[in-house]
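Here's the structure, in structure tokens; my notes come after.
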Amino acid sequence: MRISLLSIACLLFSTTACLADDTGASFDNGRFTFSGSVGLANIEAKEYVYLGSHKGSQLDWESKGVTLYSGAAGVELTPDWSVTATVDIGTNGDGHMVDYDWVPGLYVDTSMDGWSDRSISPDTRLSHYFAGSIEIARQVYADDDKQFGINAGFKYSDVKWESFGGTYIYSDTTTRDDIGAFPDGLRVISYQQKIPVFFVGLDGSADIDRLTVSGGAKGGFTTGVRDIDDHWGTNTRYHDDMYAAPVVMLNVEAAYHVTETASLYLGGSYENVFNKRGDVRSRDTVTGETDSRKNGAGASYQSMSVKFGLKGTF
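Those letters in the sequence shown? Residues -20 to -1, 1 to 294, by mature numbering (1 follows the signal peptide of the UniProt record, and there is no 0).
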């Protein structure tokens, strides 16, 4: 992490120096904006298995302190219309996974503490995290130091974890009668979510001398979280297709203009994909035997991030 921050700091310094000597350029009366940043993110997801109205399983996945590399590019098509594309890539982080089961006849009750089986994997690794978006924005109001607009766009996120080792408490013949541990380094469960989102939103900004404060709120829906869940101990792979779910995204940013064309900025964002049920298909990866259930799965997703970077306008 120290190497990453040092590298980005050197990049910011050198790029700012170059921009300070540049009066800017235009193409077809357009204005182009580019930005790069490094930051930290917390990412978490939950997956569910339902047996009718009864929740049979819940897996909580999370990674804290993920190193986040971000880039964005925008173009002003007209004084009122613009298009922006963003990319986020996450690595490392402190991961954790807990797997709860409520086996009929063996669980205590249906609360989170009433499980029949539980396994915990502190060695949970973020295999990959990627998020990309594109949006078109329309400015509806502007004066010398304030502006307000609306936007619409599409975002796609892909995140995957793998858990290794850990401890377990299972219910074999009676409740919680089997206590043990998986060997260190043994791959236990893998989980991947693919999240397509369509959104509309509002954004605005205000200039205070060299400082620009901006923020926005977006709402929309995912056309359905797609997830893949591998339980390596039982050679079982699950494919879940969720129904459309609501999504909320918030962002805030403060940018300090070092020159007319370059600014340093600090920003934060939050995203919540609400839990929605869906259909599940399972396959034994050894025998090839398959099974499926309607409305037998569920998934949700959340992320929070803080970024620091450089923005240049040409």
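Positions of the beta carbon are idealized from the N, C-alpha and C atoms, including for glycine. Computed from a predicted model, the values in this text were never measured in an experiment.
Asked	Found
DSSP-derived helix/strand/coil call for G4	With a pLDDT of 32 at G4, under the threshold of 50, the modelled position of this residue cannot be trusted, and the question is left open.
Whole runs of the alpha helix (DSSP H) within the segment 131 to 207, excluding any shorter than 4 residues	none
Simplified DSSP state of N215, which is helix, strand or coil	coil
Distance, V29 Cα to Y109 Cα	24 Å
V266 - containing beta strand (DSSP E), residue span	Counting along the chain, V266 falls outside any beta strand (DSSP E), and DSSP gives it neither H nor E.
Proximity of G54 and T64 at Cβ, strictly below 8 Å	yes
CB contact flag (K26, S185, <8 Å)	no
T239 in three-state terms, based on DSSP	coil
Beta bridge counterpart(s) of G19 as assigned by DSSP	L48, K287
Whole-angstrom distance between A111 and A234, CA atom to CA atom	22 Å
Pairwise C-alpha distance: S37 and R273	15 Å
Straight-line gap, V78 to Y250 (C-alpha atoms, nearest Å)	23 Å
Complete runs of the beta strand (DSSP E) confined to the segment 82 to 138 [at least 3 residues]	97 to 122
Validate contact between the segment 172 to 185 and the segment 200 to 214 using beta carbons, cut 8 Å, 3 pairs	yes
Residue of F144, S143, N275 minimising C-alpha distance to D259	N275
DSSP three-state assignment for F12, whether helix, strand or coil	strand
CA-to-CA distance, Y218 to V266, given in whole angstroms	14 Å
Bridge partner(s) assigned by DSSP for V226	According to the sequence as given, residue 226 is Pro; it is not Val. Paired residue(s): F201.
V83 versus T66 - alpha carbon distance	44 Å
Contacts around S143, its chain only, beta-carbon distance under 6 Å, and the 5 residues preceding and following it disregarded	M77, S101, T104, V168, I169
Residue closest to A132, alpha-carbon to alpha-carbon, out of G70, E56, G181	G181
Minimum C-alpha distance to L191 - residue among G70, G51, G292, V238	V238
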